[in-house]
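Peer 1: One structure, pasted below without further comment.
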Amino acid sequence: MNLNYQQLLPSDFAPDSRVWIYQANRIFGLIEALEVEKLLEDFAENWKSHGTPVKGFGTLFFGQF
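Okay, structure coming up:
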(Lines of atoms letter the chains of each structure in order from A and count residues from 1; the text may use other names and numbers.)
(Lines give C-alpha, C1' and ligand atoms only; values in the text may rest on other atoms or scores of the structure.)
Protein backbone atom coordinates (compact mmCIF):
# COMPACT_ATOMS: atom_id res chain seq x y z
CA MET A 1 0.00 0.00 0.00
CA ASN A 2 1.53 3.27 -1.09
CA LEU A 3 -0.40 6.29 0.18
CA ASN A 4 0.57 9.94 -0.06
CA TYR A 5 0.09 11.06 3.54
CA GLN A 6 1.22 14.62 2.83
CA GLN A 7 -2.15 15.30 1.23
CA LEU A 8 -3.76 14.53 4.60
CA LEU A 9 -1.54 16.92 6.57
CA PRO A 10 -1.72 20.72 6.81
CA SER A 11 0.35 22.24 4.02
CA ASP A 12 1.97 24.82 6.29
CA PHE A 13 3.92 22.28 8.38
CA ALA A 14 7.65 22.09 7.75
CA PRO A 15 9.05 18.80 6.43
CA ASP A 16 11.23 18.57 9.54
CA SER A 17 8.32 18.95 11.99
CA ARG A 18 8.35 16.58 14.96
CA VAL A 19 5.86 13.75 14.83
CA TRP A 20 4.37 11.67 17.62
CA ILE A 21 2.60 8.46 16.66
CA TYR A 22 0.50 6.46 19.07
CA GLN A 23 -1.10 3.13 18.21
CA ALA A 24 -4.27 1.81 19.80
CA ASN A 25 -4.44 -1.90 20.55
CA ARG A 26 -7.47 -2.19 18.27
CA ILE A 27 -9.29 -0.36 15.51
CA PHE A 28 -11.80 2.14 16.87
CA GLY A 29 -15.45 1.96 15.93
CA LEU A 30 -16.99 4.88 14.03
CA ILE A 31 -18.35 6.70 17.09
CA GLU A 32 -15.10 6.17 19.01
CA ALA A 33 -13.06 7.40 16.04
CA LEU A 34 -15.13 10.58 15.82
CA GLU A 35 -14.66 11.16 19.56
CA VAL A 36 -10.90 10.59 19.33
CA GLU A 37 -10.61 13.00 16.39
CA LYS A 38 -12.52 15.66 18.34
CA LEU A 39 -10.24 15.17 21.36
CA LEU A 40 -7.16 15.46 19.14
CA GLU A 41 -8.52 18.60 17.49
CA ASP A 42 -9.31 20.22 20.85
CA PHE A 43 -5.88 19.32 22.23
CA ALA A 44 -4.01 20.67 19.19
CA GLU A 45 -5.98 23.93 19.23
CA ASN A 46 -5.22 24.55 22.92
CA TRP A 47 -1.68 23.10 23.15
CA LYS A 48 0.77 25.30 25.00
CA SER A 49 4.39 24.88 26.01
CA HIS A 50 5.34 26.92 29.07
CA GLY A 51 2.30 29.12 28.45
CA THR A 52 3.09 29.78 24.78
CA PRO A 53 0.73 28.38 22.13
CA VAL A 54 2.22 25.58 20.05
CA LYS A 55 1.29 24.88 16.45
CA GLY A 56 -0.14 21.40 16.34
CA PHE A 57 -2.25 18.98 14.37
CA GLY A 58 -3.80 15.67 15.28
CA THR A 59 -5.78 13.12 13.34
CA LEU A 60 -6.61 9.44 13.38
CA PHE A 61 -5.20 7.27 10.60
CA PHE A 62 -6.70 3.91 9.69
CA GLY A 63 -8.94 4.05 12.78
CA GLN A 64 -5.98 3.04 14.94
CA PHE A 65 -3.00 5.45 14.72
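Residues in the sequence shown are numbered from 2 upward in steps of one, following the numbering used here.
For each residue, glycine too, the CB sits at the ideal point set by N, CA and C.
On a CA-only basis, which of F63, L40 and G64 is nearest G57? Give me that one, please.
Peer 2: The shortest Cα separation from G57 among F63, L40 and G64 belongs to L40.
Peer 1: Is the beta carbon of Q65 less than 7 Å from the beta carbon of A15?
Peer 2: Against a cut-off of 7 Å, the Cβ pair of A15 and Q65 comes out as no contact.
Peer 1: Taking 7 Å as the threshold (C-beta atoms), are L61 and E46 in contact?
Peer 2: Their beta carbons are not under 7 Å apart, which means E46 does not touch L61 by this criterion.
Peer 1: Where does K56 sit, in a helix, a strand or coil, going by DSSP?
Peer 2: Here K56 sits in coil by DSSP.
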